[in-house]
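Participant: In the order they appear, the protein sequences are chains A and B. The opening position of the first sequence corresponds to residue 125 in the working numbering, with each subsequent residue numbered one higher. The opening position of the second sequence corresponds to residue 525 in the working numbering, with each subsequent residue numbered one higher. C-beta atoms are modelled at their ideal positions from N, C-alpha and C, and glycine is treated no differently. Values in this document were obtained by computation on a predicted structure and should not be read as measured data. Let me give you the structure first, and then I'll get to my questions.
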Amino acid sequence: MKDTPFTVTADLDLGTRVAPYLRGEGADVVVAEGAVPDSLGNTSDGGVAYEVDGGRFLLHVPGGASFLVEDGSRITYSRHGASDRDVALFLLGSAWGALCYQRGLLPLHASAVYHEGRVHAFTGQSGAGKSTLAAALSDRGLDFFTDDVLIIDPAELSQESAPCYAGQKDMKLWADALELTGSQKMGAVRDEPGFEKFFALPGKTETVGCGHLASLFILKNENARRDREPVAIEQVTGAEALKKLRESVYRIRFGNAIMGRPALFAALARLIAAVEVRTFDRPLKKREFERSTAFMADWIRDDGARRDRA
Amino acid sequence: MRAVTGPDRGDIGVPHSRPDRNLVWLTSFPKSGNTWTRVLLSNLTAREGIDNDRFVSIAGSISSNRAAFDQASGLPSSDLTDDEIDLLRPGFYRAQSRDALVRIFVKVHDGYHDSGNGEPLFPADCSAGAIYLVRHPFDVAVSYANHQGHTDYDRIVRQLNDPAHIMAGGSKAQLRQRTLGWRGHYLSWQRQDEIPVLTVRYEDMLADTAGELRRMAQFLDLPEAGDDALIAEAVAESSFERLRAKEDEHGFRERPEATGRFFRAGRAGDGWNVLSAAQRQALLDVNGDVMEELGYRA
């Protein structure tokens, strides 16, 4: 199994986030500064800040950089005054997601930890607490695996196994999450003054970039608001699991436009056969965080024993 | 009426009468009857689609829905500044209107303001209209404190009086909303003339729920507007007693974790009993002109 799903040569410093992907030359993907059009003209799909036309994807950050992603092999960026840091941030976010789809890969919007060769991933809407939970688990001795994006190669899926790749090896945490998790604060994510989000070092990290996706947890915060047992893990199966899995796909509109709905659906159907989907419901109150994190850490540590018993 | 179901989202709602302007803004300062209005409109237009999870069936969410913004923009809002997000919000709402199969009702706690480049945050060219819900600020203060899970009424009075008061943003689950304070919120929506506005007082909704629901239905040009029996049924189904019982049985998704109950009192006048004379005076000092305009006694 490869360590990364593709390799990259870049003419700017992409930081340590995607270090395993980087090559001096001869890489699968070239990232370079150059001219980026304002529009693709006749597009097959588009959103507020992006356009898709066949093998081309265009993205504009408001007041900042623009990106043209072509044929899964090239990302051209135009700065419009944006710093290296800001260019790298959006290049490794939405543009990276579009690149994955162009290469036939399935990116999931998930952060994950690694334990005994198995990857346990956490997904949910933006702000659901994916990165915070992964950071907190790594501070409790589990290996951090990826932040924000987890990549699946549908061609590698089998009934028994779902190989997966780390999308980002650095964590991004808001100031309050840093305080909550105890992770080590690094540089600011943006150059904008007052933007209180930082790169962070996990407490414990696994350097390998690939693993076997064992479980996907959908993060929820419902029970505490419905006077139920506030911390709970529940398995989801069948159509509901497929629906949850679909909701965890990174920028699914990109996927629909670039891969096409049938190919995307087929990839999800193959993935669901190899991965267990669960919900993880927990309170978001700070004073409850320690308890819910310990609950999840124990569940993951007990995973091997559970499988042995089964 | 004929219910319409969108194939992708399963929403049920009213067919749109103006295909180019599909968004109805349900706008208010927080805790002014917005959720109750959504429940009333759901019970009037699409009762068969109501579930025990959200209590509503009309299509649409809140203007500050971060996940919907991320989907529509293709950008991660959590890596954008709040000001950058505002720049993209008009386009976000236009995309919602363009993609809508039914009329969309969007809850709004933002004041009516500029997106940062001279364009209004809420574009008229995708707006069918706005229902502006307003409630006496003394009662808003008590309810808003309960919503935040505390009884620090001095803090709440400061928030209502602060033109720079914001909700969420940054690391929070919702996008930033600049309310402009209680007075600023009201005046910003009343002073703009781009989007037609129907103003509804919460106190009038309590006193004559059917009459106010009928006014809303007429404003929205709903076919149910002339059906008194349907309106009476919708009012009965949306009573506070009914909603409280439902919340007790099933919980309510929009209830904040810090709050004991979302559907709390549903009455007018608590503010006089709970706030101190100094707190009431502080609200009057800042908001007196608008209170007088709305017939709110001090």
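1. Residues in the same chain with beta-carbon distance under 7 Å from S566 of chain B, minus the five sequence neighbours each way, listed in chain order, please.
2. For a test of the three-state rule: what should DSSP assign to Q359 of chain A, helix, strand or coil?
3. Determine which residues of the segment 610-624 of chain B have a Cβ less than 7 Å from any Cβ of chain A, and write them out in chain order.
4. Mind listing, in chain order, the continuous beta strand (DSSP E) runs of no fewer than 3 residues lying wholly within the segment 562-628 of chain B?
5. What is the rounded straight-line gap between the Cα of A324 of chain A and the Cα of V132 of chain A?
6. Per DSSP, L547 of chain B is paired with what?
7. Let's test the definition: count the other Cβ atoms within 10 Å of the Cβ of V434 of chain A and tell me whether it reaches 16, buried, or not, exposed.
8. In angstroms with no decimal places, state the Cα-to-Cα distance between I690 of chain B and R431 of chain A.
9. From the DSSP output, read off the bridge partner residues of E175 of chain A.
10. Measure the C-alpha to C-alpha separation of D532 of chain B and L704 of chain B and round it to an integer number of angstroms.
11. Using CA coordinates, which residue listed in A:D294, A:V273, A:K296 is at the minimum distance from A219 of chain A?
12. Report yes if the C-beta distance between G819 of chain B and D663 of chain B is below 9 Å; otherwise report no.
13. In terms of alpha-carbon separation, which member of A:R352, A:T200, A:R141, A:V172 lies closest to Q292 of chain A?
14. Taking Q595 of chain B as the query, report the chain A residues whose CB atoms sit under 9 Å from its CB, ordered along the chain.
15. What distance in whole Å lies between the Cβ atoms of A222 of chain A and V193 of chain A, which are believed to be in contact at a cut-off of 8 Å?
16. Can you tell me whether DSSP reads M383 of chain A as helix, strand or coil?
17. Should S163 of chain A go down as buried or exposed, given a rule of 16 or more other Cβ atoms within 10 Å for buried?
18. Short check: CB of D135 of chain A to CB of A156 of chain A, under 9 Å?
19. 9 Å is my cut-off, CB to CB: does F776 of chain B come that close to chain A?
20. For H540 of chain B, does the three-state DSSP call read helix, strand or coil?
21. Could you compute how far the alpha carbon of F553 of chain B sits from the alpha carbon of D634 of chain B?
22. Candidates B:A654, B:A801, B:H674, B:A741: which alpha carbon is nearest D715 of chain B's?
23. Whose Cβ in chain B lies nearer than 7 Å to the Cβ of E316 of chain A?
24. CA-CA distance, V798 of chain B and P661 of chain B?
25. Do the segment 669-683 of chain B and the segment 728-748 of chain B make contact, defined as three or more Cβ pairs closer than 8 Å?
26. To which residues of the same chain is G196 of chain A closer than 7 Å at the C-beta, ignoring the five residues directly before and after it?
27. Mind the definition here: the segment 334-346 of chain A touches the segment 360-374 of chain A only if three or more C-beta pairs lie below 8 Å; say whether that holds.
28. Which word fits K309 of chain A, buried or exposed, when buried means at least 16 other C-beta atoms lie within 10 angstroms of its C-beta?
Facilitator: This is what the structure gives:
1. In the second sequence, counting from the first residue as 1, residue 566 of chain B sits at position 42. Beyond the five residues adjoining it in sequence on each side, S566 of chain B comes within less than 7 Å, by CB distance, of I574, V580, S581, I582 in the same chain, given in chain order.
2. Residue 359 of chain A sits at position 235 when you count from the first residue of the first sequence. Of the three classes helix, strand and coil, the one that applies to Q359 of chain A here is strand, per DSSP.
3. The residues in question are L611, L612, G615, F616, A619.
4. Secondary structure remark: continuous beta strand (DSSP E) runs of at least 3 residues inside the segment 562-628 of chain B: none found.
5. If you number the first sequence from 1, residue 324 of chain A lands on position 200. If you number the first sequence from 1, residue 132 of chain A lands on position 8. Approximately 23 Å, taken between the alpha carbons.
6. The residue given as residue 547 of chain B occupies position 23 in the second sequence. L547 of chain B is bridged to B:I628, B:S651.
7. Locating residue 434 of chain A in the first sequence gives position 310, counting from the first residue. Note that residue 434 of chain A is Ala in the sequence shown, not Val. That one is exposed.
8. Here residue 690 of chain B is taken as the residue at index 166 of the second sequence, counted from 1. Here residue 431 of chain A is taken as the residue at index 307 of the first sequence, counted from 1. The straight-line gap from Cα to Cα measures roughly 49 Å.
9. If you number the first sequence from 1, residue 175 of chain A lands on position 51. Answer by DSSP bridge pairing, in chain order: A:G170, A:L182.
10. In the second sequence, the residue the question calls residue 532 of chain B occupies position 8. In the second sequence, the residue the question calls residue 704 of chain B occupies position 180. Interpretation of D532 of chain B is limited by its pLDDT of 33, a score under 50 that renders its predicted location unreliable; no figure is taken from the coordinates.
11. Stepping through the first sequence from its first residue, residue 219 of chain A is reached at position 95. Nearest of A:D294, A:V273, A:K296 to A219 of chain A, Cα basis: A:V273.
12. The residue given as residue 819 of chain B occupies position 295 in the second sequence. The residue given as residue 663 of chain B occupies position 139 in the second sequence. In this structure, D663 of chain B does not lie closer than 9 Å to G819 of chain B by Cβ.
13. For the purposes of this step, residue 292 of chain A is taken as residue 168 along the first sequence, with counting starting at 1. Looking at the Cα atoms, A:R141 is the closest of the given residues.
14. The count along the second sequence starts at 1 and reaches residue 595 of chain B at position 71. For Q595 of chain B, the chain A residues whose C-beta falls within less than 9 Å of its own C-beta are G171, R375, I376, R377, listed in chain order.
15. For the purposes of this step, residue 193 of chain A is taken as the residue at position 69 of the first sequence. For the purposes of this step, residue 222 of chain A is taken as the residue at position 98 of the first sequence. Contact flag correct, Cβ pair sits at about 5 Å.
16. Your numbering for residue 383 of chain A matches position 259 in the first sequence. In this structure, M383 of chain A counts as coil in the three-state DSSP scheme.
17. Translated into positions along the first sequence, residue 163 of chain A becomes position 39. It is exposed - the Cβ of S163 of chain A has fewer than 16 other Cβ atoms within 10 Å.
18. By one-based count along the first sequence, residue 135 of chain A stands at place 11. By one-based count along the first sequence, residue 156 of chain A stands at place 32. A156 of chain A is positioned such that its CB atom lies closer than 9 Å to that of D135 of chain A.
19. By 1-based counting over the second sequence, the position of residue 776 of chain B is 252. Judged by the 9 Å Cβ criterion, F776 of chain B is in contact with chain A.
20. Here residue 540 of chain B refers to the residue found at position 16 of the second sequence. The predicted model places H540 of chain B with a pLDDT of 44, which falls under 50 and marks its position as unreliable; any figure quoted below should be read in that light. Per DSSP, reduced to three states, the secondary structure at H540 of chain B is coil, with no helix or strand assignment.
21. Translated into the one-based positions of the second sequence, residue 553 of chain B becomes position 29. Translated into the one-based positions of the second sequence, residue 634 of chain B becomes position 110. Taking the straight line from one Cα to the other gives about 8 Å.
22. Looking up residue 715 of chain B in the second sequence gives position 191. Going by the sequence as given, residue 715 of chain B is Arg instead of Asp. Checking every option, the nearest Cα to that of R715 of chain B belongs to B:A654.
23. Along the first sequence, read from residue 1 onward, the residue named residue 316 of chain A stands at position 192. Against E316 of chain A, the close residues of chain B are T605, in the order they occur along the chain (beta-carbon pairs closer than 7 Å).
24. Locating residue 798 of chain B in the second sequence gives position 274, where the first residue counts as 1. Locating residue 661 of chain B in the second sequence gives position 137, where the first residue counts as 1. For V798 of chain B and P661 of chain B, the distance between alpha carbons rounds to 13 Å.
25. Taking one beta carbon from each stretch, the segment 669-683 of chain B and the segment 728-748 of chain B have fewer than 3 pairs nearer than 8 Å; the two do not touch.
26. Along the first sequence, one-based indexing puts residue 196 of chain A at 72. Excluding residues within five positions, the ones whose Cβ falls inside 7 Å are L223, Q226, R227.
27. The segment 334-346 of chain A vs the segment 360-374 of chain A: in contact.
28. Stepping through the first sequence from its first residue, residue 309 of chain A is reached at position 185. That one is exposed.
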